[in-house]
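Student: In full-length UniProt numbering, the protein residues as written are 1 to 243. We treat Cβ as the ideally placed atom computed from N, Cα and C, and that holds for glycine.
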């Protein structure tokens, strides 16, 4: 993302910096669309702009039930859909944010594609939280958001990114599958699990985002749609991952 767009985001945040609760930037969109990378870049920009502020990132994957629970309860094929998230964990997180009290969360290991009970991190009195994930624009998280951004792209392009990520994570080797067999498995998972979840639970809430960024296959922003009173002064094409 270019500095122009971030400047406008930061300007909006500055106006809300006296709020009693943490400022929360919500980043939503399809699986593999680039939410984590976008969040990382956002945090870098925020830390540069506000060196005296405590800024933390939370991925909603840490609210998922672990794979063992999902399999035991017949939910593994619905992983990523709202039913696969632990509502009690989400509720405790929301309460901690609103009451400004520390809370420990278990990390999600994307290499293992599972909750890692041995890794935890603490959210403690942050000034700004960058919250990213599939369920950011759904309650009870939606009501926490100060400003929300939806990353949008052609599903066929996102499928390519999804497959690339699977191979980058060496999931074929971890599943002990030949590349051709894993490719077929990944396509089947995308078509039967991920896309139906996106169409049923993520795409419908796109209209609730303050800003929608339409990305092309190079992860460049081709269009910026404003869906709230938020204003951006410059409308040039931006590269979402530009330093």
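Check residue 236 in the structure and name its three-state DSSP category.
Tutor: Within the chain shown, numbered from 1, the residue matching residue 236 stands at position 236. Residue placement at residue 236 is poorly supported in this model, since its pLDDT is 38, which falls under 50; the coordinates still yield a value, given next. Coil.
Student: For residue 223, count neighbouring C-beta atoms within 10 Å of its own C-beta (all shown protein chains included) and say buried if the count is 16 or more, exposed if not.
Tutor: Here residue 223 corresponds to residue number 223 of the chain shown, with the count starting at 1. So residue 223 counts as exposed.
Student: Give a yes or no on whether 8 Å exceeds the smallest Cβ distance from residue 45 to chain D.
Tutor: Within the model displayed, chain D is absent; a lone protein chain is all it includes.
Student: Residue ranges of each alpha helix (DSSP H) run of no fewer than 4 residues wholly in the stretch 160 to 242, ordered along the chain?
Tutor: With a minimum length of 4 residues, the continuous alpha helix (DSSP H) runs that stay inside the stretch 160 to 242 are 171 to 174, 179 to 189.
Student: On the criterion of 16 or more Cβ atoms from any shown chain inside 10 Å, does residue 91 qualify as buried, or is it exposed?
Tutor: Within the chain shown, residue 91 is the residue found at index 91, counting from 1. Counting Cβ neighbours within 10 Å, residue 91 comes out exposed, since fewer than 16 surround it.
Student: Residue 101: buried (16+ other C-beta within 10 angstroms of its C-beta) or exposed?
Tutor: By one-based count along the chain shown, residue 101 stands at place 101. Flag for residue 101 reads exposed.
Student: Could you check whether the stretch 118 to 135 touches the stretch 93 to 110, counting it as contact only if at least three pairs of C-beta atoms, one from each stretch, sit closer than 8 Å?
Tutor: They touch, by the three-pair rule.
Student: Note down the Cα distance separating residue 78 from residue 155, rounded to an integer number of angstroms.
Tutor: For this step, residue 78 is matched to residue 78 along the chain shown. For this step, residue 155 is matched to residue 155 along the chain shown. In a straight line, the C-alpha of residue 78 is about 19 Å away from that of residue 155.
Student: Closest to residue 63 by CA distance: which of 51, 82, 47 is it?
Tutor: Taking the first residue of the chain shown as position 1, residue 63 is located at position 63. Selected option, being the one with the closest Cα: 82.
Student: With residue 26 as the anchor, note down where its beta strand (DSSP E) starts and where it stops.
Tutor: Working through the chain shown from its first residue, we reach residue 26 at position 26. Where residue 26 is concerned, the enclosing beta strand (DSSP E) stretches over 23 to 29.
Student: So what's residue 114 in DSSP terms, helix, strand or just coil?
Tutor: For the purposes of this step, residue 114 is taken as residue 114 along the chain shown, with counting starting at 1. Residue 114: strand per DSSP, three-state reduction.
Student: Using the rule of at least 16 other Cβ atoms within 10 Å of the residue's Cβ for burial, across every protein chain shown, is residue 153 buried or exposed?
Tutor: Indexing the chain shown from 1 puts residue 153 at position 153. With 16 or more other Cβ atoms within 10 Å, it is buried.
Student: Do the stretch 168 to 179 and the stretch 46 to 65 touch if we need at least three Cβ pairs shorter than 8 Å?
Tutor: Taking 8 Å as the limit for Cβ pairs, the verdict is that the stretch 46 to 65 does not touch the stretch 168 to 179.
Student: Is DSSP giving residue 58 helix, strand or coil here?
Tutor: The sequence position of residue 58 within the chain shown is 58, counting from 1. Note: residue 58 maps to strand in three-state DSSP.
Student: DSSP three-state call for residue 141: helix, strand or coil?
Tutor: In the chain shown, the residue the question calls residue 141 occupies position 141. The answer is coil: DSSP assigns residue 141 none of H, G, I, E or B.
Student: Using three-state DSSP, classify residue 151 as helix, strand or coil.
Tutor: Residue mapping note: residue 151 aligns to position 151 of the chain shown, counting from 1. Correct three-state label for residue 151: strand.
Student: To the nearest angstrom, how far is it from the Cα of residue 320 to the Cα of residue 157?
Tutor: The structure shown does not extend to residue 320, since the chain spans only 1 to 243, so no value can be given for it.
Student: For residue 98, which three-state DSSP category applies?
Tutor: Translated into positions along the chain shown, residue 98 becomes position 98. In this structure, residue 98 counts as helix in the three-state DSSP scheme.
Student: On the DSSP bridge assignment, give the partners of residue 131 in chain order.
Tutor: For the purposes of this step, residue 131 is taken as residue 131 along the chain shown, with counting starting at 1. For residue 131, which the question treats as bridged, DSSP gives the partners 26, 58.
Student: Verify whether the separation of the beta carbon atoms of residue 28 and residue 202 is less than 8 Å.
Tutor: As a first step, residue 28 is located in the chain shown; it is residue number 28 there, counting from the start. As a first step, residue 202 is located in the chain shown; it is residue number 202 there, counting from the start. Contact flag set, yes.
Student: DSSP has residue 79 in a bridge; who is on the other side?
Tutor: Taking the chain shown and counting its residues from 1, the one referred to as residue 79 is at position 79. In the DSSP output, where bridge partners are listed per residue, residue 79 has 81.
Student: Does DSSP classify residue 38 as helix, strand or coil?
Tutor: Here residue 38 is taken as the residue at index 38 of the chain shown, counted from 1. Residue 38: helix per DSSP, three-state reduction.
Student: For residue 227 and residue 45, I'd like the C-alpha separation in whole angstroms.
Tutor: Residue mapping note: residue 227 aligns to position 227 of the chain shown, counting from 1. Residue mapping note: residue 45 aligns to position 45 of the chain shown, counting from 1. Cα to Cα, the separation comes out at about 23 Å.
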